[in-house]
Structure formats: C-alpha cells, structure tokens
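Student: If you want the working numbering, it's the 1-based position in the sequence shown plus 204.
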Amino acid sequence: MPTLADIARYCDDLLGIPGFPDDPRALNGIQVDTRTEITRLAAAVDARERTITAAAANGAQLLIVHHGLFWGGLQPLRGAQLRRIDSVLRSQMGVYGAHLPLDAHPEIGNGVLLAAELGLQPTGGFGRFLGIEVGVQGETSLETGELVQRAGTFAARYGGTVRTSPIIPGRRTARWAIVTGAGAAPDTIAEAAERGVDTLIVGEGPHHTAISADESGLAIIYAGHYATETLGVQALARRVSETFGTTWEFIHEPTGL
Ligand SMILES: [Zn+2]
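1. Less than 8 Å separating the beta-carbons of residue 434 and residue 249?
2. Do residue 429 and residue 385 count as a contact pair if the criterion is CB distance below 8 Å?
3. For ligand 1, is there any heavy atom lying closer than 7 Å to the beta carbon of residue 343?
4. Give me the DSSP bridge partner(s) of residue 354.
5. So, at 6 Å on beta carbons, what are the nonlocal neighbours of residue 246 in its own chain, with the 5 sequence-adjacent residues on each side left out?
6. Using only the alpha-carbon positions, how far apart do residue 358 and residue 269 sit?
7. Starting from residue 264, trace the beta strand (DSSP E) in both directions and tell me its first and last residue.
8. Hey, does residue 280 have any beta-carbon neighbour from chain C nearer than 8 Å?
9. Assuming residue 339 is part of the alpha helix (DSSP H), what are its boundary residues?
10. Round the Cβ separation of residue 342 and residue 324 to the nearest angstrom and send it over; I've been treating them as touching at under 8 Å.
11. Determine the direct distance from the alpha carbon of residue 372 to that of residue 257, and round the result to whole angstroms.
12. Do you know offhand how far residue 271's Cα is from residue 292's?
13. Do residue 231 and residue 437 have their C-beta atoms closer together than 8 Å?
14. Taking 7 Å as the line, does the beta carbon of residue 253 fall inside it for any heavy atom of ligand 1?
15. Taking 7 Å as the cut-off, is the C-beta of residue 309 nearer than that to any heavy atom in ligand 1?
16. With distances taken between CB atoms, is the gap from residue 414 to residue 369 smaller than 8 Å?
17. Can you tell me whether DSSP reads residue 325 as helix, strand or coil?
18. Does the beta-carbon of residue 329, which I'm using as the reference point, lie nearer than 7 Å to any heavy atom of ligand 1?
19. According to DSSP, is residue 393 helix, strand or coil?
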C-alpha cells in the first residue's frame with residue numbers, strides 16, 4: 205500500500221503544488237507527515253477537531269482537507285488548536301491540504317464541479333486572484349430564479365441554505381460566474397461588471413456585497429461557504445483511492461455558513 209509520500213507526490217503533481225499561488229496560511233501539500241501505510245482516506249472541508257477525531261476513529265491514516273490546520277495563522281498550541289494537533293499526532297494520521305489549487309482545478313476543482321451540479325457548462329475562468337483565476341464562468345439562458353432553486357437544492361444536500369441579493373421576478377441569467385467559498389467581494393463584483401457577468405454564484409460574502417450587486421444590476425447567489433467547497437476534496441479523495449486502491453470517506457461537518 206502507498207505511503208503519504210507516494211500519495212502526496214501524485215496529488216502535488218495533479219494539483220500543481222508547489223508553486224501554486226495561495227495565502228501562506230493555506231500551506232498546500234503535506235501538513236503533517238506520517239510513515240504509516242495508507243489504506244483508508246478521509247476527506248473533509250475543514251481540519252477542525254471534529255473531523256480529525258472522526259477520521260482517526262474510523263481508522264483513516266490520511267486526512268485530506270480544503271482548509272488546513274493553519275488557517276488561524278501563527279498561534280500558540282493551546283485550546284482547540286492544541287487538541288487538533290494532539291489528536292493528529294496521537295493517531296499518527298497524515299494531513300494533506302489543498303486550497304486554491306482545489307478551487308481552480310479544471311477537472312476536480314470546486315468551481316467546475318459546482319457548475320456541473322447546477323447544470324452549467326463553464327467556458328472560461330473567472331475570479332482573478334494572485335495572478336490566477338480561481339473560479340469559472342459561462343453562458344446560459346435560464347431564469348435566475350431557476351438557478352437559485354438549483355443552488356438551494358444543492359446547498360440543502362450539505363446542510364446549508366441559499367440566499368440571494370434582491371432578484372426581480374422573471375429576471376434571466378445570460379452570463380454566470382462561480383467563485384466558491386468567500387467569493388462575493390468588491391473585486392469579484394467589479395470583475396463581473398467588467399466581464400459582462402450578470403449572475404455571480406458564490407459561497408458567502410459580506411452584507412454590503414448584496415447592496416453593491418443590487419445597485420449594479422448583478423444578482424448574487426450565496427450557496428454557502430461550506431457547501432460550495434465540499435466537492436473538490438471528495439473528488440481528490442476519490443481520485444487517490446482509484447489510483448492507489450485505498451478506501452475513502454467524506455466526513456460531513458457543516459458550519460451553517
Ligand atoms: Zn474556503
């Protein structure tokens with residue numbers, strides 16, 4: 205059976221890690237090493253205490269996450285952060301993180317996979333960030349309300365709900381863009397205007413983004429930070445398990461956002 209070194213080499217290559225731009229707190233790639241042979245994988249959106257203990261209790265030797273152990277930045281090992289690290293080390297489980305590389309990937313990225321869930325076909329990238337495009341965009345001819353409904357059905361599957369900026373009944377979507385996670389921001393709203401996107405589908409965003417959207421004729425569909433980032437880690441774990449013959453499971457731990 206493979207070691208973490210084998211699996212990490214495969215994932216790094218697939219995702220373009222290292223060298224992929226990201227927030228330094230993302231720490232893409234191996235976050236915690238292990239020499240144990242890997243037969244069981246777990247995947248989760250967040251490296252939080254509950255997902256770590258569940259993965260360890262289920263006998264996983266590797267946990268693949270989107271938001272890794274170091275999202276809180278430089279901080280002392282105490283409280284919840286100490287418990288997380290302690291739980292990882294005691295179980296001798298490895299941790300592998302993939303953040304923006306897993307948002308932007310053309311086959312197993314959160315953006316393309318969410319588009320497929322919503323019945324949309326991407327034709328290009330969207331969401332310029334650190335010199336790359338972290339999301340996708342495309343054309344369609346749908347009532348915006350239909351897209352909201354599809355996004356709501358998807359979000360509900362992952363324990364979330366959908367919200368929107370004000371949408372006039374009967375409004376139609378011709379050009380959409382997706383940026384999963386915290387995708388609604390002044391930058392993405394400006395980019396939408398510049399690129400002729402009339403509907404922006406994101407995970408979440410601050411209150412003022414709904415006002416900016418309303419005043420610029422844009423519709424924003426907020427489908428949940430957690431829900432919109434569940435797909436990439438599952439696709440990566442599935443790829444690894446198909447390649448190396450391990451089992452895999454998704455540890456569902458919604459945040460309500
Ligand atoms: Zn995120």
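Yeah, the Cβ is synthetic: ideal placement off N, Cα and C, and Gly gets one too.
Being a predicted model, the structure only gives us computed values, none of them experimental.
Tutor: Taking the geometry as given:
1. yes
2. yes
3. no
4. According to DSSP, residue 354 bridges with nothing at all.
5. 259, 264, 267, 453 and 455
6. Rounded to the nearest angstrom, the two C-alpha atoms are 20 Å apart.
7. From DSSP, residue 264 is part of no beta strand (DSSP E); its letter is neither H nor E.
8. Absence of chain C from the displayed structure is noted, only one protein chain being present.
9. Run containing residue 339: none in the alpha helix (DSSP H); it sits in the beta strand (DSSP E), 336-347.
10. 6 Å
11. 46 Å
12. 15 Å
13. For residue 231 and residue 437, no; Cβs fall outside 8 Å.
14. no
15. no
16. yes
17. coil
18. no
19. Here residue 393 sits in helix by DSSP.
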